[in-house]
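Structure record follows, encoded as structure tokens.
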Amino acid sequence: MNKGWLVIRSRALPVSFRLDRRVPAVLFSLLLVTLAAVALNVGQGEYPIPPLDVLKTILGLPTSNPDYPFIVNTLRLPRTLVAYLVGVGLAISGTILQGITRNPLADPEIIGMNAGASLAAVTLIVLVPSAPLFALPLSAFSGALVVALLIYLLAWDRGSSPIRLILVGVGLNLIARALTTLMITFGEINNVSQALVWLAGSVYGCRWEQVWSLLPWLIILVPLAFVLALQLNALNLGDDVARGLGSRVEWQRGLLLLTSVALIGASVATAGTIAFVGLIAPHLGRQLVGSTHEGLIPTAAMIGGLIVVVADLLGRTLFAPIELPCGAITATIGAPYFLYLLVRNRNE
Amino acid sequence: MARQNYQLIGVRFARSQPLLLIGLVLGILVMLLCLVASIAWGAAEIPIGKVYTALTAFDGSADHLIIRTVRLPRSLIAMLVGAALAVAGALIQGLTRNPLADPGILGLEAGAALAVVVVVFLFGTSSLSAYAGFAFLGTAVTAAVVYLIASLGRGGLTPMNLTVAGAALYYLLSSLTTGILILSQQTLDEIRFWLAGSVAGTDFTLFLQVLPYIVVGLIVAFALGRQITALNLGEDVAKGLGQRTAWVKATAAVSVVLLAGSSVSIAGPIGFIGLVVPHIVRFFIGLDYRWILPYAAVVGAIFLLVADIGARLLIAPQELPVGVMTAIVGAPFFIYLARNKVKR
Numbered sequence: 000m001n002k003g004w005l006v007i008r009s010r011a012l013p014v015s016f017r018l019d020r021r022v023p024a025v026l027f028s029l030l031l032v033t034l035a036a037v038a039l040n041v042g043q044g045e046y047p048i049p050p051l052d053v054l055k056t057i058l059g060l061p062t063s064n065p066d067y068p069f070i071v072n073t074l075r076l077p078r079t080l081v082a083y084l085v086g087v088g089l090a091i092s093g094t095i096l097q098g099i100t101r102n103p104l105a106d107p108e109i110i111g112m113n114a115g116a117s118l119a120a121v122t123l124i125v126l127v128p129s130a131p132l133f134a135l136p137l138s139a140f141s142g143a144l145v146v147a148l149l150i151y152l153l154a155w156d157r158g159s160s161p162i163r164l165i166l167v168g169v170g171l172n173l174i175a176r177a178l179t180t181l182m183i184t185f186g187e188i189n190n191v192s193q194a195l196v197w198l199a200g201s202v203y204g205c206r207w208e209q210v211w212s213l214l215p216w217l218i219i220l221v222p223l224a225f226v227l228a229l230q231l232n233a234l235n236l237g238d239d240v241a242r243g244l245g246s247r248v249e250w251q252r253g254l255l256l257l258t259s260v261a262l263i264g265a266s267v268a269t270a271g272t273i274a275f276v277g278l279i280a281p282h283l284g285r286q287l288v289g290s291t292h293e294g295l296i297p298t299a300a301m302i303g304g305l306i307v308v309v310a311d312l313l314g315r316t317l318f319a320p321i322e323l324p325c326g327a328i329t330a331t332i333g334a335p336y337f338l339y340l341l342v343r344n345r346n347e
Numbered sequence: 000m001a002r003q004n005y006q007l008i009g010v011r012f013a014r015s016q017p018l019l020l021i022g023l024v025l026g027i028l029v030m031l032l033c034l035v036a037s038i039a040w041g042a043a044e045i046p047i048g049k050v051y052t053a054l055t056a057f058d059g060s061a062d063h064l065i066i067r068t069v070r071l072p073r074s075l076i077a078m079l080v081g082a083a084l085a086v087a088g089a090l091i092q093g094l095t096r097n098p099l100a101d102p103g104i105l106g107l108e109a110g111a112a113l114a115v116v117v118v119v120f121l122f123g124t125s126s127l128s129a130y131a132g133f134a135f136l137g138t139a140v141t142a143a144v145v146y147l148i149a150s151l152g153r154g155g156l157t158p159m160n161l162t163v164a165g166a167a168l169y170y171l172l173s174s175l176t177t178g179i180l181i182l183s184q185q186t187l188d189e190i191r192f193w194l195a196g197s198v199a200g201t202d203f204t205l206f207l208q209v210l211p212y213i214v215v216g217l218i219v220a221f222a223l224g225r226q227i228t229a230l231n232l233g234e235d236v237a238k239g240l241g242q243r244t245a246w247v248k249a250t251a252a253v254s255v256v257l258l259a260g261s262s263v264s265i266a267g268p269i270g271f272i273g274l275v276v277p278h279i280v281r282f283f284i285g286l287d288y289r290w291i292l293p294y295a296a297v298v299g300a301i302f303l304l305v306a307d308i309g310a311r312l313l314i315a316p317q318e319l320p321v322g323v324m325t326a327i328v329g330a331p332f333f334i335y336l337a338r339n340k341v342k343r
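Listed in order, the protein sequences are those of chains A and B.
Just so we're aligned: 66 in numbering that gives the first Met the number 0 is position 67 of the first sequence, and the numbers increase by one with no gaps anywhere.
Just so we're aligned: 64 in numbering that gives the first Met the number 0 is position 65 of the second sequence, and the numbers increase by one with no gaps anywhere.
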């Protein structure tokens, strides 16, 4: 089997892992595409800015228009950055979920974690209107955690059908949505449309403070996810094989689940529920670089970020000047894709 | 009809036709009682005597106005929508032999809701009659799509594939609906409460326009009782008994579209009635759809009337959308079913 692996070993640190040979090339191309998408997205808007000028402004070089720095650096760049970071978080979370449940149809939205996170966040906003900004990711995290625990208790038998997981997820999703509606009605949120935009998943109005509140989470969680990813490969072979290989299955699975939940919490608290990114990104990643998680996680992360940035771009351009939230776009594309996967999974 | 005997808490009794008939009549009486309760109870305290005089000797006072223009239409609508949704759910469950189905879970209500949102977005709420037509269209198209996709899955039209296809369509349609609502603040303001599923502030003229469809749907459904029972035994058995299954399925589908579409166009998407009520009814009645369908209508009406009373009184003077109540009760039941009835 001449697949070709890149082996990375470090003498100084006790680190070594293998990457599929395709990974560096794929990551590099993704980086280029992402830069192009970011430049396009930042350039799009009421005052269109050519992509080259966007890049110049970000780098601090002088351009023809003195307004550009304000528009780009204060208004649009943070928004696009938030979109990218949220996409990264969601994609990694979805990859982890698909790995631990060994279910290619798993996605934080479908199993209800998104709905749980948004319910907790909305509850916080309604009950404690003066809560500081950093409390929102914490409450979203706890909401997603509760749902994850419920899913674990209710649906996660060893060897159980993947469909049961999805059905229970649908049920939890519906409860969470009903309770969220309850909270919104009960709480008399004055700007219901604003809440709706957030619940639909949108980066509208995101500024640098959202970037700085999201970034610490990602800085901690993404490397953690990467490190844990090495165990995902073993877990994926089945519990017994993994134990035979020396994995501490329950601990690792629990830790992975917590990481996934934390990523969801941070993402939902920042930009609302952006659905199906955690479903599509791992699948596309697997097509590009295979299922080995050391390569899959970075690839899926970059694809996820790209998806959200492109969705945001589409949302802003399709019905300009009205903005569709990027969550609506990803759901519109993601749901048919989910159906396609369902149909394709006939031999599951 | 064969007699069936069974024991219930040590009491043997035969489930025979006279008993079922008596049960049905009792059910209707309970339903009427709930109707009266729904008219009498609410945020404004109105004594029963005034309720009676409001209906017989109307004198234009505030209380009488409340009774006549707010509570009476609302209660009647709750009664009929509850009956319609329950029967639609029973039909779907009987047709597809799927205990997890109901118009909400299969995405039919989401499809109807999307269609109505599109109409309001394009034409505003002035054209009320367009609601019903578009709701039917939305329901019909969604039903066809769900059927198609579920048939493509593994093993064909299994309950699992149907439910999951319905769930995915539900996500798709509800996010499209949210997208449109965000595009238009005006549409959002007009139908926010409706979209959560509510019989509050419902338009009586719209109800009267839609009433014939519901009645026709119910009559068609009741008439299909014998055929659905046979179909429930299995497609081959039914065909072997000489039934033209394609016709039966098509007619039942028409009935479902009429019932679910009408309900959504008046009261928004109210979920889980079509899921829970048929189960309750089947627990007591068994599998004879000639009786299940009428009982489902009565129990469904009671269910929604009680849920609506609860929605009004729970956080009075504020109001919950009744769709939230049914979801909070129904979704745990759905999860219980998914755990126990879904084969591994």
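Where is the CB? At the ideal position from N, CA and C, for every residue including glycine.
Quick caveat: nothing in here was measured; it's all calculated off a predicted structure.
Selection from the options that minimises the alpha carbon distance to residue i
| i | options | result |
| --- | --- | --- |
| A85/B | A310/B, P316/B, L336/B, V256/B | V256/B |
| S173/B | L278/A, A274/A, W216/A, V127/A | A274/A |
| H282/A | G271/A, V22/A, L340/A, V248/A | L340/A |
| L225/A | S9/A, L18/A, R10/A | First, the residue type needs correcting, since residue 225/A is Phe and not Leu in the sequence shown. Of the listed residues, the one whose Cα sits closest to F225/A is L18/A. |
| T100/A | G333/A, D238/A, R242/A, E293/A | D238/A |
| I349/B | P72/B, F271/B, L28/B | Residue 349/B lies beyond the residue range present for chain B, which begins at 0 and ends at 343; the question has no answer from this structure. |
| I314/B | L262/A, P131/A, L256/A, M182/A | M182/A |
| E108/A | V298/B, Y169/B, A43/B, D101/B | Y169/B |
| V71/A | S92/A, C205/A, A228/A | C205/A |
| V35/B | Y294/B, L54/B, S197/B, L217/B | L54/B |
| I306/A | I7/A, V81/A, I219/A | V81/A |
| S261/B | I148/B, Y130/B, R67/B, L64/B | Y130/B |
| T201/B | R289/B, F122/B, L79/B, E108/B | L79/B |
| G86/A | A280/A, G294/A, E293/A | A280/A |
| G273/B | G123/B, A222/B, V144/B, N97/B | N97/B |
Per-residue contacts from residue i into chain B (C-beta, under 7 angstroms)
| i | result |
| --- | --- |
| F318/A | L182 |
| L96/A | Simply none; closest approach about 17 angstroms. |
Under 8 angstroms between C-beta atoms of residue i and residue j
| i | j | result |
| --- | --- | --- |
| A114/A | N40/A | no |
| L303/B | V321/B | yes |
| P65/A | T56/A | no |
| R78/A | V202/A | yes |
| T138/B | A220/B | no |
| A249/B | I227/B | no |
| A177/A | A330/B | yes |
| A90/A | A116/A | no |
| L94/B | L230/B | yes |
| I308/B | S37/B | yes |
| G348/A | I302/A | Since the first residue of chain A shown is 0 and the last is 347, residue 348/A is not available in this structure. |
| I269/B | T325/B | yes |
| A270/A | G200/A | yes |
| I382/B | V116/B | As displayed, chain B neither begins before 0 nor continues past 343, which places residue 382/B out of reach and without an answer. |
| L227/A | Q251/A | yes |
| L234/A | S246/A | yes |
| V25/A | L287/A | yes |
| G111/A | A175/A | yes |
| T33/A | G304/A | yes |
Per-residue contacts from residue i into chain B (C-beta, under 8 angstroms)
| i | result |
| --- | --- |
| V14/A | None at all; the shortest Cβ gap to chain B is about 40 angstroms. |
| V342/A | I148, L151, G152 |
| V167/A | I334, A337, R338 |
| L323/A | G178, I181, L182 |
| G170/A | A330, P331, F333, I334, A337 |
Expected contact under 8 angstroms - CB spacing of residue i and residue j to nearest Å
| i | j | result |
| --- | --- | --- |
| T176/B | A112/B | 6 angstroms |
| V263/B | A89/B | V263/B to A89/B, Cβ: 17 angstroms. No contact. |
| I104/B | A142/B | The Cβ separation is near 13 angstroms, so there is no contact. |
| L231/A | G98/A | 4 angstroms |
| A164/B | G154/B | Not really, about 13 angstroms apart at Cβ, beyond 8 angstroms. |
One or two residues paired with residue i in a DSSP bridge
| i | result |
| --- | --- |
| F16/A | I7/A |
Partners in chain A for residue i, counting only beta-carbon separations shorter than 7 angstroms
| i | result |
| --- | --- |
| L274/B | Per Cβ cutoff of 7 angstroms: no residues; L274/B is ~10 angstroms from chain A at best. |
| V323/B | A177, T180, L181 |
| T162/B | L166 |
Neighbouring residues, chain A, relative to residue i (Cβ below 8 angstroms)
| i | result |
| --- | --- |
| S174/B | A199, A274, G326, A327, A330, T331, A334 |
Partners in chain A for residue i, counting only beta-carbon separations shorter than 9 angstroms
| i | result |
| --- | --- |
| L171/B | A330, T331, G333, A334, P335, F337, L338 |
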